[in-house]
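J.: Residue numbers (our numbering), protein chains in the order written: chain A, 1 to 341; chain B, 1001 to 1341; chain C, 2001 to 2341; chain D, 3001 to 3341.
Before anything else, here's the structure in question.
There are 4 protein chains.
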Amino acid sequence: MMRSVVTDGMNRLAVLHAPGDVRLEERPVPEPGPREVLVEIAAVGVCGSDVHYFEHGRIGPYVVTSPLVLGHESAGRVAALGPGATRHAVGDRVTLEPGVPCGGCRECRAGRYNLCRDVRFFATPPIDGAFARFVVIHEDFAFALPDGVSDDAGALMEPLSVGIWACRKASVTAGDRVLVTGAGPIGLLAMQTALAFGATEVTVTDVSPQRLEIARRTGATRALAAGDDVGEVDALIECSGHPAALSAGIAALRPAGTAVVVGMGPTEEATVPLSLIQNREIWLTGVFRYANTYPTAIALVSEGRVDLDAIVTGHYDLDDTEAALRSSREDPGNIKAVIVP
Amino acid sequence: MMRSVVTDGMNRLAVLHAPGDVRLEERPVPEPGPREVLVEIAAVGVCGSDVHYFEHGRIGPYVVTSPLVLGHESAGRVAALGPGATRHAVGDRVTLEPGVPCGGCRECRAGRYNLCRDVRFFATPPIDGAFARFVVIHEDFAFALPDGVSDDAGALMEPLSVGIWACRKASVTAGDRVLVTGAGPIGLLAMQTALAFGATEVTVTDVSPQRLEIARRTGATRALAAGDDVGEVDALIECSGHPAALSAGIAALRPAGTAVVVGMGPTEEATVPLSLIQNREIWLTGVFRYANTYPTAIALVSEGRVDLDAIVTGHYDLDDTEAALRSSREDPGNIKAVIVP
Amino acid sequence: MMRSVVTDGMNRLAVLHAPGDVRLEERPVPEPGPREVLVEIAAVGVCGSDVHYFEHGRIGPYVVTSPLVLGHESAGRVAALGPGATRHAVGDRVTLEPGVPCGGCRECRAGRYNLCRDVRFFATPPIDGAFARFVVIHEDFAFALPDGVSDDAGALMEPLSVGIWACRKASVTAGDRVLVTGAGPIGLLAMQTALAFGATEVTVTDVSPQRLEIARRTGATRALAAGDDVGEVDALIECSGHPAALSAGIAALRPAGTAVVVGMGPTEEATVPLSLIQNREIWLTGVFRYANTYPTAIALVSEGRVDLDAIVTGHYDLDDTEAALRSSREDPGNIKAVIVP
Amino acid sequence: MMRSVVTDGMNRLAVLHAPGDVRLEERPVPEPGPREVLVEIAAVGVCGSDVHYFEHGRIGPYVVTSPLVLGHESAGRVAALGPGATRHAVGDRVTLEPGVPCGGCRECRAGRYNLCRDVRFFATPPIDGAFARFVVIHEDFAFALPDGVSDDAGALMEPLSVGIWACRKASVTAGDRVLVTGAGPIGLLAMQTALAFGATEVTVTDVSPQRLEIARRTGATRALAAGDDVGEVDALIECSGHPAALSAGIAALRPAGTAVVVGMGPTEEATVPLSLIQNREIWLTGVFRYANTYPTAIALVSEGRVDLDAIVTGHYDLDDTEAALRSSREDPGNIKAVIVP
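In structure tokens:
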């Protein structure tokens, strides 16, 4: 088996040095370690967390204290195999699950590896991400992409995984009525995912008419202005980060319904309608990344149940990473920018 | 509120007196009791169990000892309201859930009302069914039909409910690979249901090329001859009643996969690959009718996720009930006959 | 079968007319209706909700607008059978599940009958309760008491049911570490219940040293002052109604742990550590009464796994209902007063 | 930190060369690899699988083709730490979970690591077991033993884990009625475990009056001759391997009850009452080892909920391994022999 393709020996990366300060740099191409693969990146999505790091240099307890490569929504081609790596061949197209857990702690052993304290997650200090020409990753966290799936879609398996994880937490199933509050990229994908899980009524709310229009176009049963009456639903997937959306969404839940909080709010704490949660025995939880979602994500996209290309609103060279970050921050119509290194 | 429409006072019914002996009879139109509704039947599907009663006069412990009206897959229009019935208006189109449980026993209180010992189920001795112009039923077991749903589809919410219940038992969810063995009406609907639950690979097997062709036409990802290799699947829905299909299907399950037995086998007992069930920690269960499925069934059909009209292969007058039963028994291509009283 | 015992024809009841105004009254003994039983009450526990109605005349949306008999924790002897009642014999000792749901709505059919909107629940306006010599109830909601179980214990199956329901919601199982905040009667019973569910470490917190002492004596692994560090736990059962206890309890949960809110807080809304709920994927829910708990409660008490008599701190005649209510309100050491009509 | 204690440099092991041929041998003490610990064994239980290998040289597909050290129920003291091992200190008492999975495959990532195809499990060809003075194991699979727990009990955490896993699969919870068929060591521990999970009625059946007497003495609510009527139960834990016990046990299950098959039957296939499984919607599954049970096992034993020492019926030197194996095979009263190397 060919164990690598010829590369020019230098990696190119977009490195965040300080808030607002992203620099294009060159470093040696990394060597894949035992059971790792070297991947030449073909597409990387820009995530709200990338934008947040770019703007503030931190997300809650995660602080950028040394130069950091952002980007964790990525797909590419296998360029070299580390020792013992047998799962992929050089040249294979793959999408990358960007968090590699320890595999041995209580959470990992229980199947909740997203809650592993020792996970190494792309673009989370101090682990570098994928705004780069090359990255290395454990072979088990690279997943083969079927032919019909684009590189962009391969990269967006990551935000789709969040939608899948949220739908699993909400136990979305056939015939459900789901409310998705917030029509950003995660909300839009959670909406498509809920439909793919069999929900027959998926309502999306947002303050931006532009985003609601995209929601309608990509399959939402209803797209309503935030605050409109939505009737009764079986599940809420809160993707806006707005406390009012959470409270109103909980109030719309049927007895024993589930609210899953995905959006990050402005503060550590939030006020919730606790009497209602008690009287209707509502379940409230949140998602932290995802676990065991990539095979599902790939199957849904490959079978046409979810259209990831539909939310891509712009492509950028690696040189234009800063422009991609700025546009994602400022333009509500720029749902999902993709960098092509 | 109008509490009844004018009827001519006589009901017409197809009554089974003995194996092979179905007679058209007239009886007074029944009076709806407290909280019951009188329904004028518009369509009734012919089920394998109707055919079995017609042929053998019994199904296992259920024996036809006095004249019995068959038929339990029905839809129609509300013709009169009993005292206290408020859920429907005269003229409403409804589909009928044909089993009314006691509502108070341990099973009912636990939400497993399909396992209620005192359930009164259409066309199960000694309860009469719906091969009739009029039937009465508790208003809670009549469900409003949306405008776009045909009478035939309304009647077939019943076998669809079996498919939904099987998919729930099998925990079918987005991205799953499901094997449905047997392409009779239940298998074909279980296949469509699995797709509606988000399964991305649904394989149907049967011995009849004619039925496999219908499976392909109505959405099966793959339709294979019984015995062909199907690879690995997450769930098995056994609808053929063939012991070999069950054993082979279990052998195809991934570790911790689920096998749901829907088809009635030739004997009370069956031989299963127990070591495999143990070593792979497979779950095996069966379905007995269904519970809490009608709202889901209606939503799936109404939203176009399941096409019930696609499996209707013939219509018959009430006078031709016997012909409908005979054809259903003898012609493998007659997937679903519908009687229009 | 004897269908009734001789009674003097008059019922005696403690009736709440207005906050602080409880009067002993006589009314005719009620006739048991179809499938109902007449029960001569032997013991009724005083619940915090009785005290709250006595003091304020309302609990949230439930307002006492006409004279109301309080009391919903009761046991007694069957004194007469209504038409069709066959489950019990006259003279049988029974405990009463005080809420009779409709049996037919979506919640009832799904097994969540505690969330039925049409439930008729003792001592909840306008339904009279059991501070009375006689009550009638549907036979399915009277459960036979084994010989070794006292009348007091029979009455306290009701608050025990809350503990069981909370432990089920929290999925308490063998080896779990459970935190119970609040050592009132519900907290103390939730603690015993958690142990009976197999929890090996059950910590109780409260502000009252007197109550913590009772917690220790009745089995708590640890009894700590509210605010003390409790380490990590698998489940929180919040029984104090204090927002601070809820927040601190959530912070003590392991990743993917569950918080069940039982105590009623001072306001409709509460502030919760939402980031923590998200980052650790914690589940938060509440309980509203219970469903399908009485057989379990009786089994646990009968087998000595839970000791209900241990929390009874006083007995009162029906004439002394007001004294029982006042003492329960004012004396933190009066964990559970029982009225013996 | 001290990284090893002085050892004489030679390991002693009981090695199976062929059916009936066990030899005591000396080999160099193994070096613990990265994150491994060297453990000096203090106690090893003799399991039915050890006896089966000793007698037949194989168990189903697992064949002893080269000399094999048996024994997988073990506890001891940490004698040395491999590079990077930090979880234990030299001298710590530990119990060993004998199967180390790959940590990265689909099953491992889903929390079903017992179904990992690449698991390395003690005493399963070609992996050596613990009938030895020293073994090495990954530090994550050695669990600290509390002071009050004996070495014997430490060793028997392994069969207890099977009981815990079976109770989890059967969803045993407070108030349940459980039937355990077969009163060998696994059945007796499953019985104690079911009680620890809150079951209030645990019936054990066996053909041996001697074993039934032990069942009674160690806590069984009832101990009945195989074939006696057991009434209705919520869960069946089949530990005898007898097909008749499985069929009769399934027939005793309540609607929607669960049967968990633990005992290995005489053949790969078994005949089960399939109509009953269907009509009552019974769940049938099996257990293959266990996952995530050791912390629970240790907590239950440490808190006195399960008494492992109660089933130990004999101790043997490592030199007497053959005698221990023979006695375990031949004497039904020798429930659990323990080897003390």
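Note that CB positions come from ideal geometry on N, CA and C, so glycine has one too.
Remember, predicted model here, so these are calculated numbers, not experimental data.
Please name the residue, chosen from S3302(D), G3304(D), P3332(D) and E3322(D), that lies closest to T3313(D) on a Cα-to-Cα basis.
T.: To locate residue 3313(D), count along the fourth sequence from 1; it is residue 313. Looking at the Cα atoms, P3332(D) is the closest of the given residues.
J.: From V64(A), P61(A), G45(A) and A79(A), pick the residue whose C-alpha is nearest to that of V340(A); which is it?
T.: Translated into the one-based positions of the first sequence, residue 340(A) becomes position 340. Taking only the C-alpha atoms, the option nearest V340(A) is G45(A).
J.: How long is the line joining the alpha carbons of V2338(C) and A2014(C), rounded to whole angstroms?
T.: As a working mapping, residue 2338(C) is identified with position 338 in the third sequence. As a working mapping, residue 2014(C) is identified with position 14 in the third sequence. Using only the alpha carbons, I get a separation of about 14 Å.
J.: Between T285(A) and the rest of its own chain, which residues show a CB-CB distance below 8 Å, the 5 nearest in sequence each way excluded?
T.: The residue labelled residue 285(A) in the question sits at position 285 within the first sequence. Contacts found: K169, T258, A259, V260 and V261.
J.: Less than 7 Å between CB atoms is the rule here; does F1122(B) satisfy it with respect to chain D?
T.: In the second sequence, residue 1122(B) corresponds to position 122, counting from 1. By this cut-off, F1122(B) is not an interface position.
J.: Measure from the alpha carbon of F2134(C) to the alpha carbon of each residue in Y2294(C), C2239(C) and G2071(C), then state which is nearest.
T.: Taking the third sequence and counting its residues from 1, the one referred to as residue 2134(C) is at position 134. For the residues Y2294(C), C2239(C) and G2071(C), the minimum Cα distance to F2134(C) belongs to G2071(C).
J.: Within 7 Å (strictly less), CB to CB, does V2272(C) reach chain E?
T.: Chain labels in this structure do not include chain E; the protein chains are A, B, C and D.
J.: I want to verify the contact list: residues of chain B whose CB lies under 7 Å from the CB of F197(A), in sequence order.
T.: Mapped onto the first sequence, residue 197(A) falls at position 197. In chain order: T1173, A1174 and G1198.
J.: Please list, in chain order, all residues of the same chain as H2052(C) whose beta carbon is under 7 Å from its beta carbon, the five residues on each side excluded.
T.: As a working note, residue 2052(C) is residue 52 in the third sequence. Contacts found: I2059.
J.: State yes or no: is the C-beta of L2160(C) within less than 7 Å of the C-beta of R2093(C)?
T.: As a working note, residue 2160(C) is residue 160 in the third sequence. As a working note, residue 2093(C) is residue 93 in the third sequence. No. Outside cutoff.
J.: Let's see if you can read the secondary structure: which residues bound the beta strand (DSSP E) around L2070(C)?
T.: On the third sequence, position 70 is the one that residue 2070(C) refers to. L2070(C) -> no beta strand (DSSP E), and no H or E assigned at all.
J.: What's the call for R1305(B), buried or exposed, on a 16-neighbour Cβ count within 10 Å?
T.: Position 305 of the second sequence holds residue 1305(B). Flag for R1305(B) reads buried.
J.: For a test of the three-state rule: what should DSSP assign to P2255(C), helix, strand or coil?
T.: Position 255 of the third sequence holds residue 2255(C). Strand, per DSSP.
J.: Roughly how far, in whole angstroms, is the beta-carbon of M3191(D) from the beta-carbon of V3202(D), given that I think they are within contact range, below 8 Å?
T.: Numbered from 1 along the fourth sequence, position 191 holds the residue referred to as residue 3191(D). Numbered from 1 along the fourth sequence, position 202 holds the residue referred to as residue 3202(D). With a Cβ gap of about 5 Å, M3191(D) and V3202(D) count as contacting.
J.: Quick check on the DSSP output: the beta strand (DSSP E) that includes H3138(D) runs from which residue to which?
T.: Numbered from its first residue, the fourth sequence carries residue 3138(D) at position 138. Looking at the DSSP string, the run of the beta strand (DSSP E) that includes H3138(D) is F3134 to H3138.
J.: Give a yes or no on whether the minimum CB-CB distance between D3140(D) and chain A is below 7 Å.
T.: Counting from one through the fourth sequence, the residue named residue 3140(D) turns up at place 140. Chain A, which has a Cβ nearer than 7 Å to the Cβ of D3140(D), makes this yes.
J.: At the level of alpha carbons, what is the spacing between L3096(D) and N3114(D)?
T.: Reading the fourth sequence from its first residue, position 96 is the one you call residue 3096(D). Reading the fourth sequence from its first residue, position 114 is the one you call residue 3114(D). Cα to Cα, L3096(D) sits roughly 15 Å from N3114(D).
J.: For the beta strand (DSSP E) holding G2045(C), just list the boundary residues, first then last.
T.: Counting from 1 along the third sequence, the entry for residue 2045(C) is found at position 45. Start and end: E2036 to G2045.
J.: Within 10 angstroms of the Cβ of M10(A), are there 16 or more other Cβ atoms? Answer buried if so, exposed if not.
T.: Counting from 1 along the first sequence, the entry for residue 10(A) is found at position 10. Classification for M10(A): exposed.
J.: Name, please, each residue of chain A whose Cβ falls closer than 9 Å to the Cβ of A3110(D).
T.: For the purposes of this step, residue 3110(D) is taken as the residue at position 110 of the fourth sequence. Going along chain A in sequence order, the residues near A3110(D) (Cβ under 9 Å) are G111, A291 and N292.
J.: Short of 6 Å in beta carbon distance, which residues of its chain neighbour A2324(C), apart from the five on each side in sequence? Order them along the chain.
T.: Translated into the one-based positions of the third sequence, residue 2324(C) becomes position 324. Excluding residues within five positions, the ones whose Cβ falls inside 6 Å are V2046, Y2316, A2337 and I2339.
J.: Answer with buried or exposed for D3147(D), where buried requires no fewer than 16 other C-beta atoms within 10 angstroms of its C-beta.
T.: Residue 3147(D) sits at position 147 when you count from the first residue of the fourth sequence. It counts as exposed.
J.: Please report the straight-line C-alpha distance between G1103(B) and R1109(B), rounded to a whole angstrom.
T.: Counted from its first residue, the second sequence places residue 1103(B) at position 103. Counted from its first residue, the second sequence places residue 1109(B) at position 109. G1103(B) and R1109(B): Cα-Cα distance of roughly 7 Å.
J.: Check whether the Cβ of G3219(D) lies closer than 7 Å to any Cβ atom in chain A.
T.: Residue numbering aside, residue 3219(D) sits at position 219 when the fourth sequence is read from its first letter. By this cut-off, G3219(D) is not an interface position.
J.: With a threshold of 6 Å on Cβ separation, who are the neighbours of T293(A) within its own chain once the five nearest residues in sequence on each side are excluded?
T.: Here residue 293(A) corresponds to residue number 293 of the first sequence, with the count starting at 1. Once the five neighbours on either side are set aside, the close Cβ partners of T293(A) are S161, I164 and W165.
J.: For chain A, is any of its Cβ atoms less than 7 Å away from the one on G3057(D)?
T.: Numbered from 1 along the fourth sequence, position 57 holds the residue referred to as residue 3057(D). It does not; no Cβ of chain A falls within 7 Å.
J.: Does Y290(A) come out as helix, strand or coil in the three-state DSSP assignment?
T.: The residue labelled residue 290(A) in the question sits at position 290 within the first sequence. Note: Y290(A) maps to coil in three-state DSSP.
J.: Can you tell me which of G1048(B), A1018(B), A1043(B) and P1028(B) puts its alpha carbon nearest to the alpha carbon of R1329(B)?
T.: Position 329 of the second sequence, counting from 1, holds the residue named residue 1329(B). Nearest C-alpha to R1329(B): G1048(B).
J.: Assign V2230(C) to buried or exposed, taking buried as 16 or more other Cβ atoms, counted over all protein chains shown, within 10 Å of its Cβ.
T.: Locating residue 2230(C) in the third sequence gives position 230, where the first residue counts as 1. Looking at its Cβ environment, which holds 16 or more other Cβ atoms inside 10 Å, V2230(C) is buried.
J.: By a C-beta neighbour count over all protein chains shown, 10 Å radius and 16 as the cutoff for buried, is S1074(B) buried or exposed?
T.: Taking the second sequence and counting its residues from 1, one reaches residue 1074(B) at position 74. S1074(B) is buried by the Cβ-count criterion.
J.: List the residues of chain C whose Cβ lies closer than 9 Å to the Cβ of A299(A), in chain order.
T.: To locate residue 299(A), count along the first sequence from 1; it is residue 299. Per Cβ cutoff of 9 Å: no residues; A299(A) is ~24 Å from chain C at best.
J.: Short of 9 Å Cβ to Cβ, which residues in the region 2060 to 2084 of chain C face chain B?
T.: Taking 9 Å as the Cβ-Cβ cut-off against chain B, none of the residues of the region 2060 to 2084 of chain C qualify.
J.: Could you work out which residue in T1296(B), V1178(B), T1321(B) and R1012(B) is closest to D234(A) when comparing CA atoms only?
T.: Taking the first sequence and counting its residues from 1, the one referred to as residue 234(A) is at position 234. Nearest option by C-alpha distance: T1296(B).
J.: Are the beta-carbon atoms belonging to R1117(B) and V1100(B) less than 7 Å from one another?
T.: Numbered from 1 along the second sequence, position 117 holds the residue referred to as residue 1117(B). Numbered from 1 along the second sequence, position 100 holds the residue referred to as residue 1100(B). No.
J.: Could you tell me whether the region 3077 to 3084 of chain D touches the region 3023 to 3043 of chain D, where touching means 3 or more Cβ pairs closer than 8 Å?
T.: In short, these stretches touch, since the Cβ pair count reaches three.
J.: Report the start-end ranges of each beta strand (DSSP E) in the region 168 to 231 of chain A that is 3 residues or longer and not cut off at the edges.
T.: The qualifying runs are 177 to 181, 201 to 206 and 222 to 225.
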